[in-house]
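Student: So for the sequence shown, numbering that gives the first Met the number 0 puts the first residue at 0; every next one is plus one. If you scroll down you'll find the structure; I have some questions about it.
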Amino acid sequence: MNNQKMLEKAKLLVSGVINLPTIPAIATRVASLLDNPDVEVEEVAELILTDQVLATRVIKIVNSPLFKPMHEITSLKRALIYLGLHRIREIALTCSIIRAFEEGDGIFDIRTFWQHSFGVGTVSRIIAQRVRYPEVEKAYICGIIHDIGEVFLSIYLKDNFQKVVDNLKGTSHSFIDAEALWLGTTHCEIGVCLAKKWNFPADYGEVIAFHHDPLKATLDPVLVAIVNLADLFCSVRHLDYGGREWVSFNLAEENAWKTLQAYSPKLASLDVERFCFELDERESEIKDLVDSIFEGLS
Ligand SMILES: [Fe+2]
Ligand SMILES: [Fe+2]
Numbered sequence: 000m001n002n003q004k005m006l007e008k009a010k011l012l013v014s015g016v017i018n019l020p021t022i023p024a025i026a027t028r029v030a031s032l033l034d035n036p037d038v039e040v041e042e043v044a045e046l047i048l049t050d051q052v053l054a055t056r057v058i059k060i061v062n063s064p065l066f067k068p069m070h071e072i073t074s075l076k077r078a079l080i081y082l083g084l085h086r087i088r089e090i091a092l093t094c095s096i097i098r099a100f101e102e103g104d105g106i107f108d109i110r111t112f113w114q115h116s117f118g119v120g121t122v123s124r125i126i127a128q129r130v131r132y133p134e135v136e137k138a139y140i141c142g143i144i145h146d147i148g149e150v151f152l153s154i155y156l157k158d159n160f161q162k163v164v165d166n167l168k169g170t171s172h173s174f175i176d177a178e179a180l181w182l183g184t185t186h187c188e189i190g191v192c193l194a195k196k197w198n199f200p201a202d203y204g205e206v207i208a209f210h211h212d213p214l215k216a217t218l219d220p221v222l223v224a225i226v227n228l229a230d231l232f233c234s235v236r237h238l239d240y241g242g243r244e245w246v247s248f249n250l251a252e253e254n255a256w257k258t259l260q261a262y263s264p265k266l267a268s269l270d271v272e273r274f275c276f277e278l279d280e281r282e283s284e285i286k287d288l289v290d291s292i293f294e295g296l297s
């Protein structure tokens, strides 16, 4: 099936959902406030305090084992200073996306899903730093949102999606091929439709569209390659969610790896074993982060 047909099918499926969640305006307002280099911490704190759920979440995150403050932080302003303003944009956006889907009861366990997403975000950030990609924060956010279409399918198209999961069992299809075969579209096209609805920047949309097929990227092939590799790493390092086949891959044969090597020749000397070991060390950190975001919020 060609991409255009799959995109049409995705549009149809997304428009058929009446109560499609929205991304709270606060996330975009925080982001644009932070675009001003002279912004004061007080201004950001004031804006975040208008959304109590977000404010509570930021305080929970700062006190989580991931950030390990010496003493418990109870004020939002101190939390912002401790985390650093650049992390607030990430936290505001990701908390909003999580919130958009937390009401839904899906086929995937939602925590495992977000663990995968934060895993891919974290690994994307590490790879971005390694190759000296200039927008490390963007790589992190794109990693977190790359499978957003999957959570939509799991919650809003439960029956069709369950059929894909069931049909896949005992076959050698990849998950994405199974979606194309039994849904007529995939989580990539569905994600693209969501990204459009939520006015995500075009390069975010490209990552969502091509994270399984990085050679198709034209806007920012390096960004797409980073997220593609991070996704593969997380799949083999058990930061994955139910329904996916356990995959193995040979790094040197990946197109994304070649793209990154051309971008950053230093990558050729990367010790892959050591790199995977580094990722293993991050696994519990990522699980702690997801726990701190969800803890006590229901
Ligand atoms: Fe995916
Ligand atoms: Fe993924």
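Built from N, CA and C at the ideal position, the CB exists for glycine as well.
What's the gap between the Cα of V119 and the Cα of I126?
Tutor: If I take the Cα positions, the gap works out to 10 Å.
Student: Have a look at L53, R131, A208 and E89 and flag the residue whose alpha-carbon is nearest the alpha-carbon of F149.
Tutor: The sequence shown places Glu at residue 149, rather than the Phe named in the question. When only C-alpha atoms are compared, the closest one is A208.
Student: Can you tell me which of V40, G83 and A229 puts its alpha carbon nearest to the alpha carbon of V61?
Tutor: Comparing Cα positions, the closest option is G83.
Student: Put E244 into one of helix, strand or coil per three-state DSSP.
Tutor: Residue confidence is low: E244 scores 44 on pLDDT, short of 50, so the model does not pin down where it sits. Its coordinate-derived value is still stated next. Reduced to three states, the DSSP call for E244 is coil.
Student: Does the beta-carbon distance from I90 to I72 come in below 8 Å?
Tutor: Contact: no.
Student: Taking the CB atoms as reference points, tell me whether W197 and I17 lie closer together than 8 Å.
Tutor: No, these two residues do not count as a Cβ contact at 8 Å.
Student: Between R98 and V52, how many whole angstroms is the CB-CB distance? I'm expecting something under 8 Å.
Tutor: Sure, about 7 Å apart at Cβ, within 8 Å.
Student: Skipping 5 residues on each side, what residues in its chain have a beta carbon closer than 7 Å to that of K286?
Tutor: So the qualifying residues of the chain are Q114.
Student: Less than 8 Å between the CB atoms is what I'm expecting for L202 and L222, so what's the real figure, rounded?
Tutor: Before going further, note that residue 202 is Asp rather than Leu in the sequence given. Yes, they are in contact, since the Cβ atoms of D202 and L222 sit about 6 Å apart, within 8 Å.
Student: By alpha-carbon positions, which one of S234, H172 and Q260 ends up nearest to C275?
Tutor: The shortest Cα separation from C275 among S234, H172 and Q260 belongs to S234.
Student: Nearest to T258 by alpha carbon, out of E272, T217, L238 and V38?
Tutor: The shortest Cα separation from T258 among E272, T217, L238 and V38 belongs to T217.
Student: Name the residue from A251, I225, D230 and C187 whose alpha carbon lies nearest to the alpha carbon of A9.
Tutor: The shortest C-alpha separation from A9 is found at C187.
Student: Taking DSSP as the reference, what is the three-state secondary structure of F112?
Tutor: Note: F112 maps to helix in three-state DSSP.
Student: From the DSSP output, in three-state form, read off D34 for me.
Tutor: Of the three classes helix, strand and coil, the one that applies to D34 here is coil, per DSSP.
Student: Listed in chain order, which residues are found with a beta carbon closer than 5 Å to a heavy atom of ligand 2?
Tutor: Those residues are D146 and D230, given in chain order.
Student: Mind listing, in chain order, the continuous alpha helix (DSSP H) runs of no fewer than 4 residues lying wholly within the stretch 22-90?
Tutor: If we require 4 residues or more, the alpha helix (DSSP H) runs fully inside the stretch 22-90 come out as 24-33, 40-47, 51-61 and 75-82.
Student: Kindly indicate which three-state DSSP category A138 falls into: helix, strand or coil?
Tutor: Of the three classes helix, strand and coil, the one that applies to A138 here is helix, per DSSP.
Student: Are there any heavy atoms of ligand 1 lying less than 7 Å away from the beta-carbon of H211, as far as the coordinates show?
Tutor: The answer is yes for H211.
Student: In angstroms with no decimal places, state the Cα-to-Cα distance between K157 and G105.
Tutor: Cα to Cα, the separation comes out at about 7 Å.
Student: Taking 8 Å as the cut-off, decide whether the C-beta atoms of I80 and V43 are in contact.
Tutor: Not a contact, by the Cβ cut-off of 8 Å.
Student: CB of H186 to nearest heavy atom of ligand 1: below 7 Å?
Tutor: Answer for H186: yes, Cβ within range of ligand 1.
Student: Between the Cα of H298 and the Cα atoms of E7, F107, A261 and S116, which residue gives the shortest distance?
Tutor: Nothing about residue 298 can be reported from this structure: the residues present for the chain run from 0 to 297 only.
Student: When you compare only the Cα positions, how much space is there between L75 and I25?
Tutor: Straight-line Cα distance between these residues: approximately 16 Å.
Student: Comparing C-alpha positions only, which one of T93, T55, L11 and K195 sits nearest to A78?
Tutor: With distances taken between Cα atoms, A78 lies closest to T55.
Student: Could you tell me the boundaries of the alpha helix (DSSP H) in which T258 lies?
Tutor: Taken as a continuous stretch (DSSP letters only), the alpha helix (DSSP H) holding T258 covers N254 to Y262.
Student: Ignore the nearest five residues each way along the sequence and tell me which others in E205's own chain have a CB closer than 8 Å to its CB.
Tutor: Around E205: A216, T217, L218, D219, L222 and V223.
Student: Give a single yes or no on whether E205 has its beta carbon closer than 7 Å to a heavy atom of ligand 1.
Tutor: Every heavy atom of ligand 1 is 7 Å or more from the Cβ of E205, so no.
Student: With three or more C-beta pairs closer than 8 Å as the rule, is the stretch 133-151 touching the stretch 259-268?
Tutor: Cβ pair count under 8 Å is below three, so no.
Student: Given a threshold of 16 other Cβ atoms within 10 Å of its Cβ, counted over all protein chains shown, does P64 qualify as buried or as exposed?
Tutor: Looking at its Cβ environment, which holds fewer than 16 other Cβ atoms inside 10 Å, P64 is exposed.
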